[in-house]
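In what follows, a structure is listed as structure tokens, so that the remarks can point back to it.
In the numbering used here, the protein residues as written are 220 to 502.
Take a look at the structure:
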């Protein structure tokens, strides 16, 4: 649950605590401390519709953990580019990767002022973790940033992470082109991991719930777009999508892992359909 207002963090330069932020709302859902009343007001409104949402945000972190651990341990990746990384919380990408390989390098990217203030703190005590205060929708500029150029070898495979960020981009074709631009810049053997808000738009309970959530989020974040599985899958065009494919967060497990029952089985109808994900390799 969000923490009380009496414990609000110190306002960092450039942060407007009266306006909700995507990163801080997500932090509030995770039970973090880097959010304000404006963010918690959004959370309370969403919880009236979908009280399970904190479970989904935590599952997104667990999914990220499964992906990064597999990429580091099994695919032997040693470098990651995490776009729209959000506020630091437990089990960040660099922690997950460096638990397996302490030499793994991670570059985080975000342009939220609160994230920038906290992201730079990652540089203090970790020589293999870096932060770029930039807009990930400008890929050519970002990939030419000295922090990226100096710390990632784009001649070797990279793990590109876009967790819960693409649905904040309104134009579908522009979003597909953005993903293609990043993938084209990476060498063979690189991986793309995406998680994305989903609305099946098929008249189901999941569609009804997703539509209601979209409408509520649009009041504060008008560019947010839930997409169907058929719209999410083409983000991986030209890549080899790993099993089990583009699926619900709860149903994604590393290749070779088979569950007898989905962890989402106990959720109410539709609730487990809200977030989809996938992992793919560049041939």
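Quick reminder that beta carbons are idealized off the backbone N, C-alpha and C, glycines included. Values in this document were obtained by computation on a predicted structure and should not be read as measured data.
Candidates the options, of which the one nearest residue i by Cα
{"i": "residue 394", "options": "451, 408 and 350", "result": "451"}
{"i": "residue 438", "options": "236, 234, 260 and 456", "result": "260"}
{"i": "residue 300", "options": "279, 310, 323 and 289", "result": "323"}
{"i": "residue 268", "options": "499, 424, 384 and 443", "result": "424"}
{"i": "residue 346", "options": "354, 263 and 370", "result": "370"}
{"i": "residue 288", "options": "321, 403, 331 and 426", "result": "321"}
{"i": "residue 303", "options": "330, 240, 375 and 363", "result": "330"}
{"i": "residue 382", "options": "497, 234, 236 and 251", "result": "497"}
{"i": "residue 441", "options": "460, 407, 426 and 387", "result": "387"}
{"i": "residue 471", "options": "328, 291, 495 and 290", "result": "495"}
{"i": "residue 352", "options": "337, 464, 358 and 328", "result": "328"}
{"i": "residue 408", "options": "368, 433, 362 and 374", "result": "374"}
{"i": "residue 377", "options": "361, 264, 326 and 235", "result": "326"}
{"i": "residue 432", "options": "262, 313 and 249", "result": "262"}
{"i": "residue 258", "options": "277, 464 and 236", "result": "236"}
{"i": "residue 284", "options": "357, 469, 464 and 240", "result": "469"}
{"i": "residue 311", "options": "443, 464, 332 and 280", "result": "280"}
{"i": "residue 332", "options": "305, 313, 318 and 348", "result": "305"}
{"i": "residue 491", "options": "427, 502 and 337", "result": "427"}
{"i": "residue 500", "options": "251, 447, 403 and 481", "result": "403"}
{"i": "residue 355", "options": "372, 348, 337 and 379", "result": "379"}
For residue j and residue i, believed in contact at Cβ under 8 Å, the rounded distance
{"i": "residue 253", "j": "residue 243", "result": "6 Å"}
{"i": "residue 418", "j": "residue 445", "result": "4 Å"}
{"i": "residue 335", "j": "residue 416", "result": "Between residue 416 and residue 335 the Cβ distance is about 24 Å, and since that is not below 8 Å, they are no contact."}
{"i": "residue 277", "j": "residue 296", "result": "With a Cβ gap of about 24 Å, residue 277 and residue 296 do not count as contacting."}
Rounded straight-line distance, which links the Cα of residue j to that of residue i
{"i": "residue 200", "j": "residue 256", "result": "Any question about residue 200 goes unanswered here, given that the chain covers just 220 to 502."}
{"i": "residue 397", "j": "residue 462", "result": "24 Å"}
{"i": "residue 340", "j": "residue 350", "result": "9 Å"}
{"i": "residue 224", "j": "residue 458", "result": "With a pLDDT of 48 at residue 224, under the threshold of 50, the predicted position of this residue should be treated as unreliable, and no value is reported."}
{"i": "residue 435", "j": "residue 414", "result": "20 Å"}
{"i": "residue 474", "j": "residue 343", "result": "35 Å"}
{"i": "residue 400", "j": "residue 476", "result": "31 Å"}
{"i": "residue 411", "j": "residue 266", "result": "31 Å"}
{"i": "residue 391", "j": "residue 292", "result": "34 Å"}
{"i": "residue 367", "j": "residue 316", "result": "18 Å"}
{"i": "residue 273", "j": "residue 365", "result": "36 Å"}
{"i": "residue 319", "j": "residue 290", "result": "10 Å"}
{"i": "residue 186", "j": "residue 247", "result": "Any question about residue 186 goes unanswered here, given that the chain covers just 220 to 502."}
{"i": "residue 275", "j": "residue 502", "result": "31 Å"}
{"i": "residue 464", "j": "residue 264", "result": "32 Å"}
{"i": "residue 447", "j": "residue 357", "result": "25 Å"}
{"i": "residue 234", "j": "residue 245", "result": "16 Å"}
{"i": "residue 286", "j": "residue 443", "result": "25 Å"}
{"i": "residue 220", "j": "residue 308", "result": "With a pLDDT of 48 at residue 220, under the threshold of 50, the modelled position of that residue is not reliable, and the figure given next carries that caveat. Using only the alpha carbons, I get a separation of about 15 Å."}
{"i": "residue 348", "j": "residue 338", "result": "10 Å"}
{"i": "residue 481", "j": "residue 456", "result": "27 Å"}
{"i": "residue 251", "j": "residue 314", "result": "17 Å"}
Burial state of residue i, where buried means 16 or more other Cβ atoms lie within 10 Å
{"i": "residue 430", "result": "exposed"}
{"i": "residue 271", "result": "buried"}
{"i": "residue 467", "result": "buried"}
{"i": "residue 405", "result": "buried"}
{"i": "residue 449", "result": "exposed"}
{"i": "residue 385", "result": "buried"}
{"i": "residue 421", "result": "exposed"}
{"i": "residue 530", "result": "Here the chain comprises residues numbered 220 to 502, so residue 530 is not present and cannot be evaluated."}
{"i": "residue 360", "result": "exposed"}
{"i": "residue 363", "result": "exposed"}
{"i": "residue 478", "result": "exposed"}
{"i": "residue 372", "result": "exposed"}
Length-filtered (3 minimum) beta strand (DSSP E) runs lying within the stretch 231 to 306: 298 to 302
Entirely enclosed alpha helix (DSSP H) segments - the stretch 390 to 474, minimum 4 residues: 391 to 404, 424 to 437 and 448 to 451
Length-filtered (4 minimum) alpha helix (DSSP H) runs lying within the stretch 316 to 383: 332 to 338, 358 to 362 and 365 to 370
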